[in-house]
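Novice: A single structure is presented below for examination.
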Amino acid sequence: MSEPLSRRCALTLLLAMAVASMAGLLAWGPVLLASDAHVYADDRALGGLSNAANVLASLPLLAAALWGIVATRASRWGDELRGPWVAFHFCAGAAAGVAAAYHAAPGDTSFVLAHALSAAGFVFLSLGVLAERVHPDFGSTRALLGAGLLAVLACAIVLADAALGHGIDMRPLMLLEWLPVLLIPAGALWLPGAHTRSTDWIIMLVAYGIAKGFDAADSAVLSATGWISGHGLMHLCLAAVAGWLAYCASSARSGADAPDTRRQTSLNTSG
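Reminder that position 46 of the sequence shown reads as 116 in our numbering, one-by-one numbering, no gaps.
Shown next as structure tokens:
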């Protein structure tokens, strides 16, 4: 299969799976914020700081995001790639700050805002993959503005639904958070990249999956370790995700040196 055709197929599959995911969420029904959503296994205070462990565990992501912004802006990448990556790290850093504030004083609004920023970050990150491996237009200013408006709309739908007394339905934000995961079955990650390797993204997605696993086992992890909860480890794994992407940007090489590009060139030559 030719490279342009592979790109079109990956984009078509991604769109189809996004539509299927949307239909599945609509059929599933509301995913409401539970009454105990703000209750975490580790609620220990430090001085006058409530939920201190989770507050502090949120901060490494902020540091990793700041590193990512600096590293990406200093890289030799084109604007079509730097734009989505900087936007991702900005959202990740903002989400970390909001998450820390949320854990210090839990509330529905800050909870939704933290998830909205995370969802926006993942949309921008997906644009970064598509801009590098499918078409540079995915990293254009128009695409970034569209992605930002999409995240704002999703957050507005959640908050408006809550204001109408229907509860906090997280489905719009969940759909956006799934986008990077859909890139794998869509085949976008296996297309040649000029600056990153497929393994870079696999490492990131595996760390993200581990983070979700730790979060689901919040109490069990605290019982096993006695000093850190699953939710705290989730925050640290998310920091590792941003840190890995920051490392990729800081060690960025020119397109001629990119492993995926070299591999594709070799295959085309030998074929």
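Ideal Cβ positions, reconstructed from N, Cα and C, are used throughout, including at glycine.
Relative to the alpha-carbon of LEU252, which residue among ILE238, THR266 and ILE272 has its alpha-carbon at the smallest distance?
Specialist: Your numbering for residue 252 matches position 182 in the sequence shown. Among ILE238, THR266 and ILE272, the Cα nearest to that of LEU252 is on ILE272.
Novice: Which partner residues does LEU102 have in the DSSP bridge list?
Specialist: Taking the first residue of the sequence shown as 1, we reach residue 102 at position 32. According to DSSP, LEU102 shares a beta bridge with ASP239.
Novice: According to DSSP, simplified to helix, strand and coil, what is LEU261?
Specialist: In the sequence shown, the residue the question calls residue 261 occupies position 191. In the structure shown, LEU261 sits in coil (DSSP, three-state: anything other than H, G, I, E or B).
Novice: Can you tell me whether GLY99 is buried or exposed, with buried defined as 16 or more other CB within 10 angstroms of its CB?
Specialist: The count along the sequence shown starts at 1 and reaches residue 99 at position 29. Around the CB of GLY99, fewer than 16 other CB atoms lie within 10 Å, so the residue is classed as exposed.
Novice: With distance defined between alpha-carbon atoms, name the residue in LEU234, ILE227 and ILE139 nearest to MET240.
Specialist: Looking up residue 240 in the sequence shown gives position 170. Nearest C-alpha to MET240: ILE227.
Novice: Thinking just about the alpha-carbon of each residue, which of SER289, VAL204, PHE160 and GLY209 is nearest to the one in PRO186?
Specialist: As a first step, residue 186 is located in the sequence shown; it is residue number 116 there, counting from the start. Looking at the sequence shown, residue 186 is not Pro but Ala. Closest option to ALA186, Cα to Cα, is PHE160.
Novice: Does LEU151 come out as helix, strand or coil in the three-state DSSP assignment?
Specialist: Position 81 of the sequence shown, counted from the start, is the residue given in the question as residue 151. In the structure shown, LEU151 sits in a helix (DSSP, three-state: H, G or I).
Novice: Mind checking HIS236: buried by the 16 CB within 10 Å criterion, or exposed?
Specialist: Against the sequence shown, residue 236 aligns to sequence position 166. It is exposed - the Cβ of HIS236 has fewer than 16 other Cβ atoms within 10 Å.
Novice: When you compare only the Cα positions, how much space is there between ALA310 and ALA134?
Specialist: The sequence position of residue 310 within the sequence shown is 240, counting from 1. The sequence position of residue 134 within the sequence shown is 64, counting from 1. Rounded to whole angstroms, ALA310 to ALA134 spans 8 Å at the Cα level.
Novice: From the DSSP output, which residues share a beta bridge with LEU116?
Specialist: On the sequence shown, residue 116 is found 46 positions in, with the first residue counted as 1. For LEU116, which the question treats as bridged, DSSP gives the partners LEU119.
Novice: Can you tell me whether DSSP reads GLY296 as helix, strand or coil?
Specialist: As a first step, residue 296 must be located in the sequence shown, where it is residue number 226. In the three-state DSSP reduction, GLY296 falls in the coil class, being neither helix nor strand.
Novice: With DSSP collapsed to three states, give me the class of THR82.
Specialist: Mapped onto the sequence shown, residue 82 falls at position 12. THR82 falls in the helix class under three-state DSSP.
Novice: Can you give me the C-alpha to C-alpha distance between SER336 and SER210, rounded to a whole angstrom?
Specialist: By one-based count along the sequence shown, residue 336 stands at place 266. By one-based count along the sequence shown, residue 210 stands at place 140. The predicted model places SER336 with a pLDDT of 43, which falls under 50 and marks its position as unreliable; any figure quoted below should be read in that light. Roughly 30 Å between the two C-alpha positions.
Novice: Over the uninterrupted alpha helix (DSSP H) stretch that includes GLY191, give me the two end residues.
Specialist: Looking up residue 191 in the sequence shown gives position 121. Run containing GLY191: 178 to 203, per the alpha helix (DSSP H) assignment.
Novice: Using the Cβ count rule (16 or more neighbours within 10 Å means buried), how would you classify SER324?
Specialist: In the sequence shown, counting from the first residue as 1, residue 324 sits at position 254. Because the pLDDT of SER324 is 43, which lies under 50, any placement of that residue in the model is unreliable, and the number read from its coordinates should be weighed accordingly. With fewer than 16 Cβ atoms within 10 Å of its Cβ, SER324 is classed as exposed.
Novice: Taking the alpha helix (DSSP H) that VAL222 belongs to, which residues open and close that run?
Specialist: Here residue 222 corresponds to residue number 152 of the sequence shown, with the count starting at 1. Looking at the DSSP string, the run of the alpha helix (DSSP H) that includes VAL222 is 211 to 233.
Novice: Roughly how many whole angstroms lie between the Cα atoms of GLY302 and ALA127?
Specialist: Position 232 of the sequence shown, counted from the first residue, corresponds to residue 302. Position 57 of the sequence shown, counted from the first residue, corresponds to residue 127. Near 6 Å, if we compare the C-alpha coordinates of ALA127 and GLY302.
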